[in-house]
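Chains G and U, in that order, are what the protein sequence lines are. Take 6 as the starting number for the first sequence in the numbering used here and just add one per residue. Take 8 as the starting number for the second sequence in the numbering used here and just add one per residue. Backbone N, C-alpha and C fix where the C-beta goes; we use that ideal spot for every residue, glycine too. Since the model is a prediction, treat every value here as computed from it, not as a measurement. The structure appears right after this line, and notes come after that.
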Amino acid sequence: MARMKFLCDADRCIECNACVTACKNEHEVPWGINRRRVVTLNDGKPGERSVSMACMHCTDAPCAAVCPVNCFYTTADAVVLHSKDLCIGCGYCFYACPFGAPQYPKVGNFGSRGKMDKCTFCAGGPEADGTKEEFEKYGNNRLAEGKLPLCAEMCSTKALLAGDSEVIAQIYKERVSRRGYGSGAWGWQTAYRESIAT
Amino acid sequence: MAKLVAQMRLIAGALALAFIVAISVSASAQQINPTADAVKEQQLLDQLKVIQGRVTIPDEKSGMLVHPAGREWRQFHTVTLKWIGGISIIGMLAVLVLFYLWRGPMRVKSGYSGINVLRFDGLERFVHWLTAVTFVILGVTGLNITFGRVLLLPWMGPEAFSAWSEWAKYSHNFLSFGFTLGVALMFVMWIGRNLPTAVDVEWLKQGGGMFDPTNSTHAPAYKFNAGQKILFWIIIVSSSAMIISGFMLMFPFYSGLTVGNMELAEIFHAVVGVLFVALIIGHIYLGTVGMEGAFGAMADGNVDLNWAKEHHSLWAKEEIQAAKVKGGAMRPAE
């Protein structure tokens, strides 16, 4: 089985936000929830870079560790998913997440923040693959159809890569050696305790 | 001739200047390569501990790109907190069991007189039980967030445990208002009798007679002895800490709170919370099995006159005086 990861090549990202839009449309994500976002660093200054960020599907995921009801699980492809039936909306996963990935449908915590929502690597949830229930709670299960996450698939500059760790790391390494520079695999050190040597 | 030399000198000077300028221009062109000279992740993390940028969506806190401190909070919540909570609560229970085996319940030495003295009126008892009931529910539902996954989830099963935890969370959030009201009323109602006085020094020197197994040490005290005053002030301070940090957690990211602030609020809430629970277990012990004749004070409000004379001698004197002034006798127990 593959070890699925995201890699955003910040030297290619043009902050078009198409990944954000594609994700929202593909999974019919409610208003106010952003499973993916583009963050611009050093905005307007020399060395400005944009990074598209969503759940990184960490190794030994912090969200899963702190969840009081243990609603997270990791698939055979190392994708971190959760059950909205078990989630109590406490918000602790957001405090533990280094990437700000968990999203909540309600702004306040008073009473409830609602069921947590986050990037599924287009791999759905615990329900049977491709069912209506799965789509309504988690969005499309593209992985079950043999497709990769839509955000990366339709990235116009191919900045955002999604797929098996070794494959995307190899692509990134080749790019860096050809063009002679690379700002690195953003978030990898924090999420996987390893980076890509270039 | 001299003119020519001067001209040549001028030309040489101009050439030298142009050369220097050219070198410096090419050097600075080499330094700034807008394509390759990017911000580096490790550099930002080393300098700032977080990577913060700008986003174009309304959720401004999502501009936090990488926040590795979440890993430290995770370590606290999953490991450190469990140790602090486990040691303080199980430790308190162990100390009380050992204390009970050694000391036994503190008896009323001269026996019951059969005469009742009103210790706490209806309002005092209502405020006490409002605070007490909400505290116990807040304590149990709060401990569930930290220990439930380890202690309850394995035998309840995921669905039942989630359903219980969701209701526990609702109770925790809503009952916080009752607890806040109870503590506020308690503060106003009892602060006057909880200010330190000279009598308290003597009480503390004798340890309140708590460590005398013969029951013959009885330090004088007014309505509240020094131990109760210390308890009162710890409760007021801890409750304030719990209420402030709790309201921060209930209204997350309100008015510019960052994820770092939220993590700190949770750490504060959890540590003070488990210590508070351990303290109140001690308070419950002394109010029930630990001391004979004490529970009535919070049940129907009455204590026996002899209990009052032994444990709160100066208060008993006040009460007897007051009864004489009114001209009535102290009421016998029914």
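The beta carbon of U/Thr-187 sits no closer than 9 Å to any beta carbon of chain G.
By the neighbour-count criterion, in which a residue is buried when 16 or more other Cβ atoms sit within 10 angstroms of its Cβ, G/Asn-30 is exposed.
The residue from U/Ala-329, U/Asn-313 and U/Gln-328 with its alpha-carbon nearest to that of U/Ile-122 is U/Asn-313. Cβ-Cβ distances below 7 Å link U/Thr-224 to Gln-213 and Gly-216 in the same chain, with the five nearest sequence neighbours on each side left out; the list follows chain order.
Residues of the segment 264-289 of chain U that bring their beta carbon within less than 7 Å of a beta carbon in chain G comprise Val-266, Met-269, Glu-270 and Glu-273, in sequence order. Between the alpha carbons of G/Cys-127 and G/Val-84 lies a gap of roughly 9 Å. Between the beta-carbon of U/Leu-158 and that of U/Phe-168 there is about 10 Å, and that puts the pair past the 8 Å contact cut. Within its own chain, the residues whose Cβ lies closer than 8 Å to the Cβ of G/Ala-81, once the five positions on either side in sequence are excluded, are Met-6, listed in chain order. Per DSSP, reduced to three states, the secondary structure at G/Arg-42 is strand. Each residue's CA atom was taken as its position, placing G/Arg-184 and G/Pro-73 some 46 Å apart. Straight-line spacing of the CA atoms in G/Cys-102 and U/Gly-77 works out to 6 Å. Within the same chain, and ignoring the five residues on either side of U/Lys-10 in sequence, no residue has its Cβ closer than 8 Å to its Cβ. Note on U/Met-193: 16 or more other CB atoms within 10 angstroms of its CB, so buried under the neighbour-count rule. Sequence-distant partners of U/Ala-101 (beyond 5 residues in either direction) whose C-beta falls short of 6 Å from its own C-beta are missing from its chain.
For G/Asp-134, there is no enclosing beta strand (DSSP E), as DSSP marks it with neither H nor E. U/Ile-243 and U/Trp-197 have their C-alpha atoms some 11 Å from each other.
By the neighbour-count criterion, in which 16 or more other beta carbons inside 10 Å mark a residue as buried, G/Ile-93 falls on the buried side. Annotation for U/Ala-301: no alpha helix (DSSP H) segment contains it, and DSSP assigns it neither H nor E.
Measuring C-alpha to C-alpha distances from G/Glu-132 to each of G/Pro-110, G/Gly-105, G/Leu-91 and G/Ala-174 identifies G/Leu-91 as the nearest. Interface annotation, U/Met-249: not in contact with chain G, CB-CB separation never under 9 Å. A distance below 9 Å separates the beta carbons of U/Leu-72 and G/Gly-105. In this structure U/Trp-210 touches U/Ala-228 by the C-beta definition: roughly 6 Å separates them, less than 8 Å. Runs of the alpha helix (DSSP H) lying entirely within the segment 70-139 of chain G, each at least 4 residues long, are 97-101 in chain order. Here U/Leu-125 is bridged, per DSSP, to U/Asn-309.
For the pair U/Thr-153 and U/Leu-88, the CB atoms are nearer than the 9 Å cut-off. According to the DSSP assignment, G/Ala-167 belongs to the beta strand (DSSP E) that extends over 165-169. Under the Cβ criterion of 9 Å, U/Ile-58 is counted among the residues facing chain G. When Cβ-Cβ separations below 9 Å define contact, U/Ile-96 makes no contact with chain G. Straight across, the Cα-Cα distance linking G/Cys-160 with U/Ile-250 is about 47 Å. DSSP places U/Val-281 in the uninterrupted alpha helix (DSSP H) bounded by 266-294.
In this structure the segment 52-67 of chain U lies against the segment 45-56 of chain G, because at least three pairs of beta carbons, one per stretch, are closer than 8 Å.
Not flagged as an interface residue toward chain G: U/Glu-67, since no C-beta distance is shorter than 9 Å.
Chain order gives no chain U residues near G/Val-181, where near means a beta carbon separation below 8 Å; the closest approach is about 11 Å. In the structure shown, U/Ile-237 falls within a helical segment according to DSSP collapsed to helix, strand and coil. Taking the beta carbon of G/Arg-41 as reference, no residue of chain U falls within 8 Å; the closest one sits roughly 10 Å away. In the DSSP assignment, G/Ser-161 falls outside any beta strand (DSSP E), carrying neither H nor E.
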